[in-house]
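**Q** Below is one structure. I have some questions about it.
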Amino acid sequence: MNRIDVIPWDNNFNTGLTEIDAQHRKLVEIINQLAASFAFDASTINLSTVFDELIAYTHYHFSAEESIWNSYLLNEKSAIQHKHTHESFIQTLSDIIEKQQGKEIEEVAENTLDFLVQWLVSHILESDRYMAYLVFAIQDGKDYKHAKVCAQEKMSGHTRDMIDIVMEIYKILSRNTLQLMRKVTLQQKIERQLQFKEQFLQTLIHQIPDIIVMKDADGHFILANEAAAHFYGTTSEEMIGKKDIDFGVSQELSNISQIRMQQIIERGETETVYEDRENVSTGETRHFKLIKKPIQDNDGNNHLISIAYDLTEEQKIKYSLEQRTSFLKTLIKTIPDLVWVKNPDGIYMLCNPRFEKLYGAPEEEIIGKNDYDFVSKELADFFRQQDFKAMEKGTSSFNEEWLTFVDGHKELVETTKTPMFDSKGNLLGILGISRDITERKFIEQQLHYAAYYDSLTNLPNRLLLSDRLEQAIIHTKRHQSSITVIYLDIDEFKEINDKYGHDIGDKVLKLYVQRLERVLREEDTLSRLGGDEFVIILQNVKETEHIKSTLNRILHVTTQPLKIEEHNLKISASLGVTFYPQNEEIDADQLLRQSDQAMYHAKQLGKNRYHIFDSNHDKAMRTHYEKIECVRKGLKNQEFILYYQPKVNMRTGKIFGVEALIRWQHHEHGFLPPGAFLPDIQSHPIIVELGTWVLEKAMQQIEDWHLQGIHLPISVNIDSMQLQQRNFMEIVQTFLQRYPNVQKGDIEFEILETSALEDVTLVSEIISQCQNLGIHFALDDFGTGYSSLTYLKRLPVKTLKIDRSFIHDILNDPEDLALIEGILELSRTFHKDVIAEGVESLIHGSVLLSMGCENAQGYAIAKPMSPEEIVEWMADWRSPKEWTDPADIL
777 MNRIDVIPWD NNFNTGLTEI DAQHRKLVEI INQLAASFAF DASTINLSTV FDELIAYTHY
837 HFSAEESIWN SYLLNEKSAI QHKHTHESFI QTLSDIIEKQ QGKEIEEVAE NTLDFLVQWL
897 VSHILESDRY MAYLVFAIQD GKDYKHAKVC AQEKMSGHTR DMIDIVMEIY KILSRNTLQL
957 MRKVTLQQKI ERQLQFKEQF LQTLIHQIPD IIVMKDADGH FILANEAAAH FYGTTSEEMI
1017 GKKDIDFGVS QELSNISQIR MQQIIERGET ETVYEDRENV STGETRHFKL IKKPIQDNDG
1077 NNHLISIAYD LTEEQKIKYS LEQRTSFLKT LIKTIPDLVW VKNPDGIYML CNPRFEKLYG
1137 APEEEIIGKN DYDFVSKELA DFFRQQDFKA MEKGTSSFNE EWLTFVDGHK ELVETTKTPM
1197 FDSKGNLLGI LGISRDITER KFIEQQLHYA AYYDSLTNLP NRLLLSDRLE QAIIHTKRHQ
1257 SSITVIYLDI DEFKEINDKY GHDIGDKVLK LYVQRLERVL REEDTLSRLG GDEFVIILQN
1317 VKETEHIKST LNRILHVTTQ PLKIEEHNLK ISASLGVTFY PQNEEIDADQ LLRQSDQAMY
1377 HAKQLGKNRY HIFDSNHDKA MRTHYEKIEC VRKGLKNQEF ILYYQPKVNM RTGKIFGVEA
1437 LIRWQHHEHG FLPPGAFLPD IQSHPIIVEL GTWVLEKAMQ QIEDWHLQGI HLPISVNIDS
1497 MQLQQRNFME IVQTFLQRYP NVQKGDIEFE ILETSALEDV TLVSEIISQC QNLGIHFALD
1557 DFGTGYSSLT YLKRLPVKTL KIDRSFIHDI LNDPEDLALI EGILELSRTF HKDVIAEGVE
1617 SLIHGSVLLS MGCENAQGYA IAKPMSPEEI VEWMADWRSP KEWTDPADIL
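Numbering (this note's numbering), first residue to last: 777 to 1666.
Dropping the structure here:
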């Protein structure tokens, strides 16, 4: 609808003065705006804004008119009157605005508009039109007088009549126009509201997930939302004017639906029904709750609105919930634990049959009550405190407690209490589950006893003994006291088991334990390690005599005859004793090892006695084993090296080989000779590892020298333990395969005379096998042992090495000289090569040469050297003149 103006602009309002006419248009627009504000119930603030604009623009317009008057009608009386008219209007308008302050708009609207419309129409058609006629006449050359007459003539007659008519019309219509504007405005407002409501309802209907349709009395759809369209597999627009049958619904179902609709319309009542319908678009059967309401339109036509709420998913959830509820109820009823639920006030809300037995009442009699209705106040207070702790903590709590059932039997239960909260975090109550652990605890106790006690004697076993010994050490440190540890082993107890059987043996042990317990004090510990071994801990015994007395009493009761069934048995025991504290700090395991060692010594000394542990001997043994471990680490870290000492013919100067001698480049102690470590590893398996390393290192060196064009056989010392290893020959053959440049005669094995005599047959066999591989043997330190001529004949060695001890004293000791002469004679008799060790001076060499011994090694020839040094030495070596010139030999 177009806007209605209280002063519609008409071109007849134009005066011909362009500037003035434009200002008239603006004034008309402002007054029409003011009228619209009145019509639209504008606020006082909005009206004040329009009034302010009207006054401001009126001032501007009057200024323009007065400027024209002053230009053409200077000092004329009419110009002055025109200005007074302007000032009067402004004052009147200001008075109107001031009077309307604090009043309802309705009260001032009509009078104010009447004044403004009458004034503006009169101002335009009379005042400003007359001014225009005057201006145009003067512009045409007329003087003011004639121009005034001309203007009056134009304003009279027909023009005057028309102005009067228009003035009267606007006077009558101004109020009616305002009322009409208000009616139009109200109508427009109502239309906008109705349009909004319709859009809102359409949006709401289409957005609602429920199916909404409206049918006329013949079953045609006259409204359908998006959910309905989706259900029928079409669009809302396509459904209008059509029936169910047009969208795949069967004729039978459509007819039934039409009959039901007619019945509902006839009854005029809303009906709620539940129906299963097939989704046309998916073929799936859905379950609906339908609300059907009959209505009439304004023309009295009957319609039926149907709202279908899809209950399918809800029913699935409900069914699932019912299943879960049934499952939980069954679970709670069948679970062997006590299950209960309380609200925050301690009132029972649920319990299972197992819990019913606790209080001897069915669930319906327990629900709604609290613990105070069934047990003593003291016990109920305890349960309540436990509940409070769990609820305050906000998480599950656990505790063990004894429950007394109504029938009087008791159960040790493990109770879990878990607070329950809703989705907003509000406390709903507490769930309790109590499990019977009586049997489990009994089994745990049995297992604990089995873990810490001997099943035969009921004494503490090794595990508990270790703990008690550690506690005894702690107590000793704290109270500056002492303890005595006794390791006891029954002598020859195996013979009793073998002769009389294990049953008799077990009875002997049990009876023997009873006798030992009578000897010991209550604070002492008697434990069985197993078999016939026991350990006794004596605490706070400081007097040596008292300890000895206890030991003697133990030995005494041990030797007393034992009457077992028809057998009279006698036993004895060996005791090992050690003490704590000692000069060095030791732990419980060390104490047991010490007493065990002492017991072993007691057995070696004849049994049926005690032996006190010797800490000095133990310290020496520990030092010995530490040295062995150092050798092992040195071997692992490649700290060992080989030096080589030449073997020469003193007469000719020929170098016919070297002896490999091990040295240790220790990471802390520096360069160590063999005497600093080899004695520590004698008869220990580590010497086999070290010997194997020497053997391979020597073969590597032979190959290196071969590459340099040097042929120099190497003698390697083989320890008796290494020689008699089952895999000794296998290792030798492996190395020979690994170093194929090692030829026959390149390597020689030296064995001690004493080693060879340990097992002559075995050693002879090994020597023979090595000779087949081109490896010869030398008998080292010959003359220090006690080999007979028979053994010497049986040993297939190639060389005899005279021990350095004999060479050293040949200048002063006739017996050593005679012994060497005997050895040389034996070597000639048995066709053995001979070499003298330890030739330290030229005179020693000369004496040996005079006796017919030409081969030697020693510091008079060269000290042991590295591989590089020995190559340099060979280039410079010459046998001394004293040895090569027969005239200089003694």
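Glycine residues also receive a C-beta, built at the ideal position from the N, C-alpha and C atoms.
#1: Measure how close the beta-carbons of I1586 and E1613 come, nearest whole angstrom, since I'm counting them as under 8 Å.
#2: Looking at C-alpha atoms only, which residue of L1126, G1122, T1180, L1134 is the closest neighbour of D1157?
#3: Would the stretch 1485 to 1500 and the stretch 1428 to 1447 be scored as touching if the rule is three or more Cβ pairs under 8 Å?
#4: Assuming H1079 is part of the beta strand (DSSP E), what are its boundary residues?
#5: Would you call the stretch 1374 to 1392 and the stretch 1257 to 1267 in contact, with 3 or more CB pairs under 8 Å?
#6: So, using beta-carbon positions, are L1292 and L1285 closer together than 8 Å?
#7: For K1118, list the residues DSSP reports as bridge partners.
#8: Name the residue from I1280, K1403, E1321 whose alpha carbon lies nearest to the alpha carbon of H1343.
#9: For M1015, count neighbouring C-beta atoms within 10 Å of its own C-beta (all shown protein chains included) and say buried if the count is 16 or more, exposed if not.
#10: Across which residues does DSSP place R1211 in a beta bridge pair?
#11: State the beta-bridge partners of K991 as determined by DSSP.
#12: In this structure, how does DSSP classify M777 when only helix, strand and coil are distinguished?
#13: For my contact list, I1347 and F1269 are in at a C-beta cut-off of 8 Å; report their separation, rounded to the angstrom.
#14: Please name the residue in V1317, F865, K924, D871 whose C-alpha comes closest to that of S898.
#15: Could you check which residue in S1540, N1392, P1337 has the C-alpha nearest to that of N1359?
#16: Any idea what DSSP makes of F1582, helix, strand or coil?
#17: Roughly how many angstroms separate the alpha carbons of N1119 and D1022, rounded to a whole number?
#18: Can you list, in chain order, the residues of its chain whose CB lies under 7 Å from that of N1175, leaving out five sequence neighbours each side?
#19: Note down, one range per segment and in chain order, each alpha helix (DSSP H) of at least 4 residues found wholly within the stretch 1422 to 1509.
#20: Looking at the strands, I want to know which residues DSSP matches up with I1111.
#21: What is the rounded straight-line gap between the Cα of E1630 and the Cα of V1464?
#22: Check whether the stretch 1409 to 1418 and the stretch 1497 to 1509 are in contact - that is, three or more C-beta pairs closer than 8 Å.
#23: Going along the chain, which unbroken runs of the beta strand (DSSP E) with 3 or more residues stay wholly within the stretch 1238 to 1282?
#24: Where does the unbroken beta strand (DSSP E) through Q1072 begin, and where does it stop?
#25: Looking at the secondary structure, which residues open and close the alpha helix (DSSP H) in which V1182 lies?
#26: Starting from the Cα of V1573, find the closest Cα among V1610, H1584, I1583, L1593 and give me that residue.
#27: Checking the sheet assignment: what are the DSSP bridge partners for I1713?
#28: Would E1219 be called buried (16 or more neighbouring beta carbons within 10 Å of its own) or exposed?
#29: Which two residues bound the contiguous beta strand (DSSP E) that contains F1023?
#30: Is it right to say F789 is buried, meaning 16 or more other beta carbons lie within 10 angstroms of its own, or is it exposed?
#31: Work out the CA separation of Y1124 and P1195 for me, nearest whole Å.
#32: Which residue from T1010, I981, F1007 puts its Cα closest to that of N1001?
#33: Please report the distance separating the alpha-carbon of G1521 from that of L1549.
#34: Beta carbon of A1248: closer than 7 Å to some heavy atom of the ligand PLP?
#35: Does the stretch 1061 to 1068 come close enough to the stretch 1093 to 1107 to have 3 or more Cβ pairs within less than 8 Å?
**A** From the atom records:
#1: Within the sequence shown, numbered from 1, the residue matching residue 1586 stands at position 810. Within the sequence shown, numbered from 1, the residue matching residue 1613 stands at position 837. Rounded, the Cβ-Cβ distance is 13 Å, inconsistent with contact.
#2: Residue numbering aside, residue 1157 sits at position 381 when the sequence shown is read from its first letter. Residue G1122 is the option with its Cα nearest to D1157.
#3: yes
#4: Position 303 of the sequence shown, counted from the first residue, corresponds to residue 1079. 1078 to 1086 is the extent of the beta strand (DSSP E) around H1079.
#5: yes
#6: Within the sequence shown, the letter at position 516 stands for residue 1292. Within the sequence shown, the letter at position 509 stands for residue 1285. No.
#7: Locating residue 1118 in the sequence shown gives position 342, counting from the first residue. For K1118, which the question treats as bridged, DSSP gives the partners Y1124, I1206.
#8: The residue given as residue 1343 occupies position 567 in the sequence shown. Of the listed residues, the one whose Cα sits closest to H1343 is I1280.
#9: Position 239 of the sequence shown, counting from 1, holds the residue named residue 1015. M1015 comes out buried.
#10: Position 435 of the sequence shown, counting from 1, holds the residue named residue 1211. DSSP output for R1211 lists E1190 as bridge partner(s).
#11: Position 215 of the sequence shown, counting from 1, holds the residue named residue 991. Its beta-bridge partners are F997, L1080.
#12: Translated into positions along the sequence shown, residue 777 becomes position 1. Note that M777 has pLDDT 45, beneath the 50 cutoff, so the model's placement of it is unreliable and the number below is only indicative. The answer is coil: DSSP assigns M777 none of H, G, I, E or B.
#13: By one-based count along the sequence shown, residue 1347 stands at place 571. By one-based count along the sequence shown, residue 1269 stands at place 493. Right, their Cβ atoms sit about 7 Å apart.
#14: Counted from its first residue, the sequence shown places residue 898 at position 122. Checked all of V1317, F865, K924, D871; the closest Cα to S898 is F865.
#15: Position 583 of the sequence shown, counted from the first residue, corresponds to residue 1359. Nearest of S1540, N1392, P1337 to N1359, Cα basis: N1392.
#16: Within the sequence shown, the letter at position 806 stands for residue 1582. Here F1582 sits in helix by DSSP.
#17: Within the sequence shown, numbered from 1, the residue matching residue 1119 stands at position 343. Within the sequence shown, numbered from 1, the residue matching residue 1022 stands at position 246. Each residue's Cα considered, the two are about 58 Å apart.
#18: Sequence index remark: in the sequence shown, residue 1175 carries index 399 (1-based). The residues are Q1162, T1191.
#19: 1462 to 1483, 1496 to 1499
#20: By 1-based counting over the sequence shown, the position of residue 1111 is 335. In DSSP, I1111 forms no bridge with anything.
#21: Within the sequence shown, residue 1630 is the residue found at index 854, counting from 1. Within the sequence shown, residue 1464 is the residue found at index 688, counting from 1. Answer to the nearest angstrom: the Cα atoms are 33 Å apart.
#22: no
#23: 1259 to 1266
#24: What you label residue 1072 is simply residue 296 of the sequence shown in a count that begins at 1. Start and end: 1061 to 1072.
#25: On the sequence shown, residue 1182 is found 406 positions in, with the first residue counted as 1. Careful: V1182 lies outside any alpha helix (DSSP H) and carries neither H nor E.
#26: What you label residue 1573 is simply residue 797 of the sequence shown in a count that begins at 1. Selected option, being the one with the closest Cα: V1610.
#27: The first residue shown for the chain is 777 and the last is 1666, placing residue 1713 beyond what the model contains.
#28: Taking the sequence shown and counting its residues from 1, one reaches residue 1219 at position 443. Inspection of the sequence shows that residue 1219 is occupied by Ile rather than by Glu. When all chains shown are included, I1219 counts as exposed.
#29: The count along the sequence shown starts at 1 and reaches residue 1023 at position 247. No beta strand (DSSP E) contains F1023, which DSSP labels as neither H nor E.
#30: Position 13 of the sequence shown, counted from the start, is the residue given in the question as residue 789. Buried, by the Cβ-count rule.
#31: Looking up residue 1195 in the sequence shown gives position 419. Looking up residue 1124 in the sequence shown gives position 348. The alpha-carbon atoms of P1195 and Y1124 are separated by roughly 14 Å.
#32: Start at 1 with the first residue of the sequence shown, and residue 1001 comes out as number 225. Closest option to N1001, Cα to Cα, is I981.
#33: By 1-based counting over the sequence shown, the position of residue 1521 is 745. By 1-based counting over the sequence shown, the position of residue 1549 is 773. C-alpha separation (whole angstroms): 9 Å.
#34: Because no ligand of any kind appears in the structure shown, any question about the ligand PLP cannot be addressed here.
#35: no
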